[in-house]
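Participant: Provided herewith is a single structure, encoded as structure tokens, for subsequent inquiry.
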Amino acid sequence: MSGYRLAAPAGAWIDRTRPLRFRFNGNEVQGFAGDTVASALLANGLVHVARSFKLHRPRGVFSCGIEEPSALVDVGLDGARTPDTRATDLEAADGMVCHPGNAWPSLRLDIAAINARLAALLPAGFYYKTFMWPHWHLFEPAIRAMAGLGHAADAPDPDRYDEVSRSTDVLVAGGGAAGTQAALAAARAGAKVLLLEATPHLAQADALRAAGVECHTRCTVFGLYDHGLAAAVQTVGGVVRERLWKIRAPRIVVAIGAFERPMLFPDNDRPGVMLASAVEQYAVRYGVACGQRIVVATACDSGYHTARALKAAGIEVAAIVDAREHSRAEAPESVAVHRASTIVAVAGKRAVRGVTIAPQAGGALRTIEADCIASAGGWTPAVHLHSMAGGRLQWVEDTSMFVPKGSLPGIEMVGACAGQFDIPLGVVPADHQPSAAALASLGHKPGKVFVDLQNDVSASDVELAARENYRSVEHLKRYTTMGMATDQGKTSNVNALVLMGGQTNRTPDQVGTTRFRPPFKPVTLNTLAGGRSGERYKPLKHMPGHAWHEARAAAMEEFGGWLRPAAYPLKGEGLIEAAEREALRVRTEVGLFEGSPLGKIEVIGPDAADFLDLMYVGTMSTLAVGGARYGLLINENGVIFDDGIVSRLGPEHFFVNTTSGGAERVALAFEEWLQCEYVKRRVLVAPVTSAWGNVTVSGPRAWQLLQAAGFDAALAPSAMKHMTLREAAYGGVGMRVLRASFGGELGYEINLPALHTQALLERLWATGRDFGVVPYGIEALMIMRTEKGFLHVGGDTDGTTLPGDVGMDRGIARKAANFVGRRSLLRPAAKDPHRMQLVGLLPRDRRTRLPVGAHAAASKPPAAIDGFVTSSCYSPVLGHPVALGMLARGQSRIGETITVWHLGVGIEAEVAKTPFYDPSGARVNGSD
Amino acid sequence: MMQLTCPWCGLRPENEFSCGGTTGTARPSLDCSDDEWARYLFFRDNPKGDHAERWRHTFGCGQWFNVLRDTASHEVRAVYGITDPRPELTPR
Amino acid sequence: MTPCSTTGRAPIPSTPRARCRERRCRVRRTRGSGDEVVASSLRTRYSAWNLLAASRQGHRDWAPAWRDADPKARYDVVIVGGGGHGLAAAYYLARNHGIKSVCVVEAGWIGGGNTGRNTTIVRSNYLYPQSARLYDFSVRQYEQLAVELNFNIMFSQRGVLTLAHSRHDLDAQSRWANAMLCNGIDAELLDAKQVRELEPRLNFGDAARPARFPILGGFIQRRAGPVRHDAVAWGYARGASSLGVDIVQNCAVTGFLKQGGRVVGVATPRGEIRADKVALAVAGHSSVLAGLAGFQLPVTSYALQAMVSEPVKPVLNSVTLSPSLGAYWSQSDKGEVVIGGGLDHFPSYAQRGSFDTMQHVVAATCEMFPSLGRLRLLRQWAGIVDVVADSSPIIGATPVPGLYINCGWGTGGFKAIPVGGWTLAHVLATDRDHELAEPFQLDRFRTGRFVDEAAAAGIAH
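Right, here's the structure in full:
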């Protein structure tokens, strides 16, 4: 005996003119458009469709909605495989492929079903009491393999997702009677109303549209967040699989209904035991009879409502078993009502075959043949959204339910979720378990009473938790795992609270509820990511000259959020090999580099000079117009966080360079000081990084190249000194040319409007052929600056490095301004003579490269840390490796031999002065 | 995700802003003690309740302003100018 | 009539030889002041054998895991905060120092704060020697904790892998790994191929779509891994309770009793409790309690979010961290993918976190694990983390005599429960900082002697 499809016209939601077929568990299942996978399975007489998490007991469809704890399937194949999908919340589609989760090798013959036989050894929390010796790892692999439900996809998701943000006057979550009423009232009062309905059907769609309400179906509000933000997920299908909605509304009406609470009785987990309202909905919505002979087990008048509806649909109702003595509800004609009675046994393992009932007072047993039990133990308002938003709850004794207590600003709960039902419930007892007397009538040990169907938590587990003092509701939940399954206890929480209350002499509200957390129903990760994926996930910035670098076959990598050339390897050349070739060529001839990501900030105003003195460790106010100076920036804690060259364009105009990664950070820091502390200073800070491109020409032949390209003689090395800035026009474009060099050669950093960068690169590249010009990338630059011992903030420094550690604290004593971080340099730690200091390092054998990160120690690690290597490369111009590092008291140990250790291997090194190359620094001067 | 009322741009979502922490901490002079300096840099009331903090409209006008916000409920009690005194409000 | 010392409930008349009436508990009063256990057959020891034996009794004879005590009028030590650190401190006071007149006062239910809300990772891959010693002591305690507490905490030493997405990352990790080796802690550098073998589902990109964040390698601490967080709280509670410590739940401290400027006890809704010493172990609420006692801390409280997916068969083999993406992932033994990220960026005591932050962390997950994008988020929550400028803790005396504190762990307190408890117990018992805790005093904010573990904190501890 099992379910079947009712004759037409039964089933308001299905379209019998559009039949479909899908596969479940390898077999073909027939259905109609509008069916869910669950309704189609039931219509095809399939009862056993899954297995539970811990004990692997057979499971069938339990509910008709998102509260489903049992009928979980994996749907789809390969990259589109979606595990743990509620069959009750999955619209059937032609060609769909579904597999039961959590059963191996098959649904019928599941090896782990042996767990059910070992249930006595596997009570709640059994794993805390064992598996300790010899250690957990011995047992973990087997336990992990048994745990989990479905299987994740094994390839990337092929589907697309998107996100929409909306602002409206009134958001109504739920298109049932209460929600529709609220939406119509608000629309008629002139508000802009958005109504979101979770199911595919909106009963009063026409009336709503006529009133101007914007409606969407298949759209579930899953969370309420700060300041009137609601989030919802919509099943779209087609080009976009799911859509995330983010809605701001000053008024949110929540009308999301209530979940039915099941009856508690032995073996109440058998396939065929279902929520009564679900049995009713399958008949009315989908035209499916869940069984041929149905017993209604109830403690609520709504059970009678279900019985009448089933009878009206032509489905046989064998009996109503009411745990209560009295009820005013009307039973359908010719259906026996057994009052003050309860189910004490269920026949059938993989499908219900019948029930045995007994009076609560004890006495004669009665068996009733049936293949479906409709369980109606009361109702649980869906208070989740109210609770997430911080709302409190109160217990209603008459009907044994938690309802919202008070209201929250901007949020209204209406309808069943607020405890207002449109069908009578009568008096519903909190505890409607079979009494001890009723169970005793059975004459043998009764089956397990299940509270949480997915995690196999039984009433005896709740007793055990109480006995072991896991009595608070959160301990109960975490110890037994009650309410922690994919249904998050929607149909089990209240029963568990009632049981715990009974064990500990407390009312359900004294036990309390666990914290309700978003999402109200599980939401696909890709949907939440909201289209921040693929190319749109943290997109990289491209330099203005990007195309030119690609044409030179640059090896592009990310540096500080920008895509930049690491080097330009020739055919067969490795990256570092290329960098070494480029660096050597720059030192002997000339190289071209794009430095556009370098941070640029205009600092303008009568107080600009004084302001920069407050920002920098060094003094900028003494800079002559046209001069440039290296500047070090520290935070209030004294720690170096950026550096760069500051140029003076006028008495009240400075052009500040920062590191490429630090541009935003520095400009924001300047602004913060001006707006929050130095509010009276007359300074304008304008970040202009992306407005200016930067083409850098470096090397002894740099000026020759520029001259040949037609740059003004005023920029010649004899006319323009190192560390000066000139404004110049070239090709009709105004440029700012700075003589500076991070590599230590004659260097010109040409700042120009970004859109002209590419053209200048091409011009200089074409002209440069005669001068042996080479494009060089970041790695070549790093080689050159390491040869010179120049600081790389973020490479040689970390979150602790102070100016004195890198030899940049001279002159502070003479400086007047109380610059940012100055006071921190006077603390005891800053004066510690054992601090690490930046030094040069040379491998003793002049051959072995010292790995970056290798640590200096007196003996093989484990050993006390003396220092570590921060930068390292092979120097092509010197013909041996060079390195920089931080070393305790390093500056007073020049000439000492130390050992640096990398992964256990020691390399001898000499502490050396820097620069390694061109110590006098004369090369930057160049010649005409 | 909260919303904040930028005094120049109006009501905008939280992800357009950056929080700058507690506001109104005056920068001591160079001759202050190590203790005073530590208090200025690090020591805070960190209240569970009304907190006077400053925010910047980073992805908007870039301006700083002060906010009095309840750190337990996230309710914004007041928005005021960066140099204005903290408004006197009765605690919730 | 006073409660039975084993079950903590069923009151026994004070007359000699009166018996506990709790089923199967055969404690009886002696002539003196204590109780004598006469072959109590309430099952207290956890083992497979006992599990089997108990199954024959329908598991009706298990003893409570800990006693709910009525607070006495005075104790030697009162610990405010019944999370992992507070409970561990109480346990070590009793076990290491023989101090059993201890009361743990918890405002809610034990382990209900950050201990029950974290992503359960235990590791000691820190940069500086002071941190290495501190956290590795903790890891070594965790390695034998299940056996010591006789409570399975399920420490799965499957390894914590930190990804390198650039050559700069590789350099930084080389420093990190070598520092760990100098500090005597296990660390291994892995190349891209080895990372792929360990976690094949990571996004290595392909010809059609190169990875936005290429994986060039990584480094791993193999002894690190997840632990069952609730079990740590319950295990320490059971251990402390069995040694005589009183645990009082649902009892908030509303003020401090002072005498001549010295703290001499706490005020609670259940009355005043006096003590020679009071310790605070309340994490995100440290400033609130400090405020009641009249001093400030260098702490700001933020929300730190965590979330889980629906459970699936095993897909992740280790704990994986990507500092560049600001997220980290592991899979619980139950099958849920556990996801964590960085702090929400404004002070909060709300324990929920911002939707925007959650979206960023989920986007990072989908980017790093493209085959897991169809899993569904099941639940998302947040704790309140007490963040300090150098991402290192504060353990020791406060400016108020008689009051001690253990706080400032920020996003990384769970892994440090054993060492936090151990060192707090030490300073309470001996009035001297434990050697491991010496570098972590309040004074360092004045001297500038920070132990800056922001890098090791990465996104979150």
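Residue numbers (my numbering), protein chains in the order written: chain C, 4 to 931; chain D, -19 to 72; chain S, 14 to 474. The beta carbon of each residue, even a glycine, is placed where N, CA and C say it ideally should be.
1) Over what stretch of residues does the alpha helix (DSSP H) that includes C/E143 continue unbroken?
2) The beta strand (DSSP E) spanning C/K249 covers which residue range?
3) Would you verify that the beta carbon of D/S53 is, or is not, closer than 9 Å to some beta carbon of chain C?
4) Could you tell me whether the Cβ atoms of S/A303 and S/T411 are closer together than 9 Å?
5) Which bits of chain D does C/H230 rub up against, with CB to CB less than 7 Å?
6) Can a CB atom of chain D be found closer than 9 Å to the CB of S/Q309?
7) Contact check, C/L278 vs C/T494 under 8 Å by CB: the rounded distance?
8) Counting contacts by CB-CB distance shorter than 9 Å, is D/T2 in contact with chain S?
9) What are the complete beta strand (DSSP E) segments, minimum 3 residues, inside the region 147 to 173 of chain S?
10) Just verifying my parser: in three-state terms, what is the DSSP assignment at S/A52?
11) Check each residue of the region 483 to 505 of chain C: if its Cβ is closer than 9 Å to any Cβ of chain S, include it; give the result in chain order.
12) Return the residue from the list S/L455, S/T370, S/V374, S/Q364 that minimises the CA-CA distance to S/A402.
13) Quick one: measure Cβ to Cβ for C/E765 and C/A570, integer angstroms, because I've assumed they're closer than 8 Å.
14) Could you name the residues of the same chain whose beta carbon sits closer than 7 Å to that of S/Y315, not counting the 5 residues immediately before and after it, in chain order?
15) Would C/D931 and C/W706 be called neighbours here (beta carbons separated by less than 9 Å)?
16) Give me the Cα-Cα distance between S/A250 and S/L416, rounded to the nearest whole angstrom.
17) From the DSSP secondary-structure annotation, give me the bridge partner or partners of C/V408.
18) Could you check the C-alpha separation between C/K249 and D/M(-18) for me, to the nearest Å?
19) Identify the residues that DSSP records as bridge partners of C/G602: which are they?
20) Starting from the beta carbon of S/G257, find every residue of chain D whose beta carbon is closer than 9 Å, and list them in chain order.
21) What residues in the region 383 to 416 of chain C bring their beta carbon closer than 8 Å to a beta carbon of chain D?
22) What is the DSSP secondary structure of C/R26, counted as helix, strand or coil?
23) Please go through the same chain and pick out, in chain order, the residues whose beta-carbon is closer than 6 Å to the beta-carbon of C/A611, but skip the five residues on each side of it.
24) Which residue from C/V257, C/A234, C/R254 puts its Cα closest to that of C/R246?
25) Tell me which same chain residues have a C-beta within less than 6 Å of the C-beta of S/G366, skipping the five on either side of it?
26) Using a beta-carbon distance below 9 Å, is S/A66 in contact with chain D?
27) Among residues of its own chain, excluding the 5 on either side of C/P432, which ones have a beta-carbon nearer than 6 Å to its beta-carbon?
28) Hey, D/N26 and S/T370: beta-carbon distance below 9 Å or not?
29) Chain D partners of S/T313, CB-CB under 9 Å?
30) Put C/E782 into one of helix, strand or coil per three-state DSSP.
31) List the whole-angstrom C-beta distance separating C/A558 from C/P572, where the pair is believed to meet the contact cut-off of C-beta under 8 Å.
32) Are there three or more Cβ pairs, one per stretch, closer than 8 Å when the region 149 to 157 of chain C is compared with the region 382 to 395 of chain C?
33) Nearest CA to the CA of C/Y619: which residue from C/G357, C/D812, C/L197?
34) Beta-carbon of S/L147 versus every beta-carbon of chain C: anything under 9 Å?
35) Could you tell me the alpha carbon to alpha carbon distance between C/A833 and S/R462, rounded to whole angstroms?
Facilitator: Taking the structure as given:
1) 143 to 149
2) 243 to 251
3) yes
4) yes
5) M(-18), Q(-17)
6) yes
7) 7 Å
8) yes
9) none
10) Reliability fails at S/A52, whose pLDDT of 48 lies under 50, so the model's placement of it is uncertain and the value that follows must be treated cautiously. DSSP places S/A52 in coil when its eight states are reduced to three.
11) T484, M487, A488, T489, Q491
12) S/L455
13) So it is not a contact: roughly 20 Å between Cβ atoms.
14) L356, D357, P360, S361, V398, V400
15) yes
16) 22 Å
17) The sequence given here places Lys at residue 408 of chain C; Val does not occur at that position. For C/K408, which the question treats as bridged, DSSP gives the partners C/R395.
18) 13 Å
19) C/T661
20) What S/G257 touches in chain D: nothing, since even the nearest Cβ is about 33 Å away.
21) G393
22) strand
23) E655, F657, V686
24) C/A234
25) A316, Q318, D357, A395
26) no
27) A302
28) no
29) G1, T2, R24, N26
30) helix
31) 6 Å
32) no
33) C/D812
34) no
35) 8 Å
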